[in-house]
Amino acid sequence: DAGVIQSPRHEVTEMGQEVTLRCKPISGHNSLFWYRQTMMRGLELLIYFNNNVPIDDSGMPEDRFSAKMPNASFSTLKIQPSEPRDSAVYFCASSFSGFQETQYFGPGTRLLVL
Amino acid sequence: DAKTTQPTSMDCAEGRAANLPCNHSTISGNEYVYWYRQIHSQGPQYIIHGLKNNETNEMASLIITEDRKSSTLILPHATLRDTAVYYCIVRVDTGRRALTFGSGTRLQVQP
Numbered sequence: 001d002a003g004v005i006q007s008p009r010h011e012v013t014e015m016g017q018e019v020t021l022r023c024k025p026i027s028g029h030n031s032l033f034w035y036r037q038t039m040m041r042g043l044e045l046l047i048y049f050n051n052n053v054p055i056d057d058s059g060m061p062e063d064r065f066s067a068k069m070p071n072a073s074f075s076t077l078k079i080q081p082s083e084p085r086d087s088a089v090y091f092c093a094s095s096f097s098g099f100q101e102t103q104y105f106g107p108g109t110r111l112l113v114l
Numbered sequence: 001d002a003k004t005t006q007p008t009s010m011d012c013a014e015g016r017a018a019n020l021p022c023n024h025s026t027i028s029g030n031e032y033v034y035w036y037r038q039i040h041s042q043g044p045q046y047i048i049h050g051l052k053n054n055e056t057n058e059m060a061s062l063i064i065t066e067d068r069k070s071s072t073l074i075l076p077h078a079t080l081r082d083t084a085v086y087y088c089i090v091r092v093d094t095g096r097r098a099l100t101f102g103s104g105t106r107l108q109v110q111p
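Dropping the structure here:
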C-alpha cells in the first residue's frame, strides 16, 4: 500500500493567492483528518470527515479555509486568500473508524506564504 | 481527553533501551494511552496503544501502571533512526476522534 498521499509536497505562494492542498487516503479507510503543524501551536486538527461527510470543523481557522471530500479517495484543503500566518506543514491522515483505530499520516505539505 | 505530561527531551545511547515516561494522572476508565512519534520532517507514525495491560509489538513495549496514572514507552534497542519526537496521547475511543498532540518528548539517540 502506498500510504496516504499528499500533494504538493512543497508550496510557495504570495499573499492573497489561492492555495489548494490535496490528499488521497489509504484505500478502504473511511475517515480523513487534516492537521496543521507550526512551531508556535504544534500539531492541531483542522477538520475531519467520516464517510466523506465533515464531522468536526471546529479547528478550521476562519472562512478563508475550506475542505471538501467529494469521494472516498480524495480530499482538498483550500485557502483563499492565503496569508503569511498560514505558513505551516499541513498533514492529512486517514483511518478506518472503529474501536481502537489508528491514524496513518501522509508526508505533509510544507506551505510558505510570502 | 485527559492531559498528559512528558519530559521535554531525553538522550539515549544507541543499542540501549529508551524508556520514555508519560504522566496522565487524570485518565478516566475508558481512555486509552496511544503513542505516536514524528521523525524530523515526516508525518506522525503510530507506535502502540493500550488500556490497562502491558502491550508489546514489533516496535516497542508499553507499560501502564496499575493505577493507570502513568505509562512508559520502551524502545528495547534504540537506533539512530529512533531519534524523533514521541507523543503520548490519551483519548477515548468514542466521540471526538481526532488526536490531541501535546509537546512530546524529543528523544536523541547518541552513537
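From first to last, the protein sequence lines are chains A and B.
Going left to right, the first sequence walks through residues 1 to 114 as my numbering numbers them.
Going left to right, the second sequence walks through residues 1 to 111 as my numbering numbers them.
We put the beta carbon where it would ideally sit given N, CA and C, even for glycine.
Since we're looking at a predicted model, the values are computed, not measured.
For residue i and residue j, what's the separation of their Cα atoms in angstroms?
| i | j | result |
| --- | --- | --- |
| A/Glu83 | B/Ile39 | 28 Å |
| B/Gly29 | A/Thr13 | 47 Å |
| A/His10 | A/Leu112 | 8 Å |
| A/Glu101 | B/Asn54 | 18 Å |
| B/Glu31 | A/Met39 | 28 Å |
| B/Glu66 | B/Arg97 | 26 Å |
| B/Arg37 | B/Ile47 | 7 Å |
| B/Val60 | A/Ser66 | Checking the displayed sequence, the identity of residue 60 of chain B turns out to be Ala instead of Val. Going by the C-alpha atoms only, they are around 38 Å apart. |
| B/Cys22 | B/Leu51 | 14 Å |
| A/Asp56 | A/Trp34 | 11 Å |
| A/Tyr104 | A/Asn30 | 12 Å |
| B/Ser71 | B/Arg106 | 17 Å |
| A/Ser75 | A/Gly106 | 13 Å |
Using a 10 Å radius around the Cβ and a threshold of 16 neighbouring Cβ atoms, would you call residue i buried or exposed?
| i | result |
| --- | --- |
| A/Leu77 | buried |
| B/Asp11 | exposed |
| B/Thr8 | exposed |
| B/Gly43 | buried |
| B/Ala13 | exposed |
| A/Pro8 | exposed |
| A/Gln80 | exposed |
| B/His77 | exposed |
| A/Gln6 | buried |
| A/Ala2 | exposed |
| A/Ser95 | buried |
| A/Val4 | buried |
| B/Gly104 | buried |
| A/Ser58 | exposed |
| A/Leu114 | exposed |
| B/Thr17 | Before going on, a small fix: residue 17 of chain B reads as Ala here, not Thr. Its Cβ having fewer than 16 others within 10 Å, B/Ala17 is exposed. |
Between the Cα of residue i and those of the options, spot the shortest distance and give me the residue it belongs to.
| i | options | result |
| --- | --- | --- |
| A/Ile47 | B/Gln110, B/Thr100, B/Arg106 and B/Gly104 | B/Thr100 |
| B/Asn19 | B/Tyr86, B/Glu58 and B/Ile27 | B/Tyr86 |
| A/Arg110 | A/Gln17, A/Leu21 and A/Met15 | A/Leu21 |
| A/Glu62 | A/Ala2, A/Arg41, A/Pro107 and A/Asp86 | A/Asp86 |
| B/Leu80 | B/Tyr34, B/Asn23, B/Val109 and B/Gln6 | B/Val109 |
| A/Asn51 | A/Arg64, A/Arg36 and A/Ser73 | A/Ser73 |
| B/Asn57 | B/Ile74, B/Pro111 and B/Ser41 | B/Ile74 |
| B/Arg91 | B/Gly102, B/Gln45 and B/Ala84 | B/Gly102 |
| B/Thr5 | B/Arg16, B/Gly15, B/Val33 and B/Ala17 | B/Val33 |
| B/Gly15 | B/Trp35, B/Thr83 and B/Cys88 | B/Thr83 |
| A/Val116 | A/Lys68, A/Glu18 and A/Val19 | A question about residue 116 of chain A goes unanswered here, because the residues of chain A that appear run from 1 up to 114. |
| A/Gly108 | A/Glu18, A/Met15 and A/Lys24 | A/Lys24 |
| A/Phe91 | B/Lys69, B/Ser41, B/Lys3 and B/His24 | B/Ser41 |
| A/Val19 | A/Ala88, A/Ser97 and A/Gly106 | A/Ala88 |
- Message: Which complete beta strand (DSSP E) runs does the segment 58 to 110 of chain A hold, if anything under 3 residues is left out?
- Response: 65 to 71, 74 to 79 and 88 to 95
- Listed from N- to C-terminal order along the chain, which residues in the segment 55 to 69 of chain A have their beta-carbon within a distance smaller than 7 Å of any beta-carbon of chain B? Asp56
- Which residues, taken in chain order from the segment 81 to 96 of chain A, show a beta carbon closer than 7 Å to some beta carbon of chain B? Phe91
- Compile a chain-ordered list of the residues in the segment 3 to 26 of chain B whose CB is closer than 9 Å to at least one CB of chain A. Only those residues of the segment 3 to 26 of chain B whose C-beta falls short of 9 Å from the nearest C-beta of chain A would be listed, and there are none.
- Contact set between the segment 18 to 41 of chain A and chain B, restricted to residues whose Cβ is under 9 Å from the partner: Result list: Ser31, Phe33, Tyr35 and Gln37.
- Message: Beta carbons nearer than 9 Å to chain A: which residues of the segment 41 to 70 of chain B have them?
- Response: Ser41, Gln42, Gly43, Pro44, Gln45, Tyr46, His49 and Leu51
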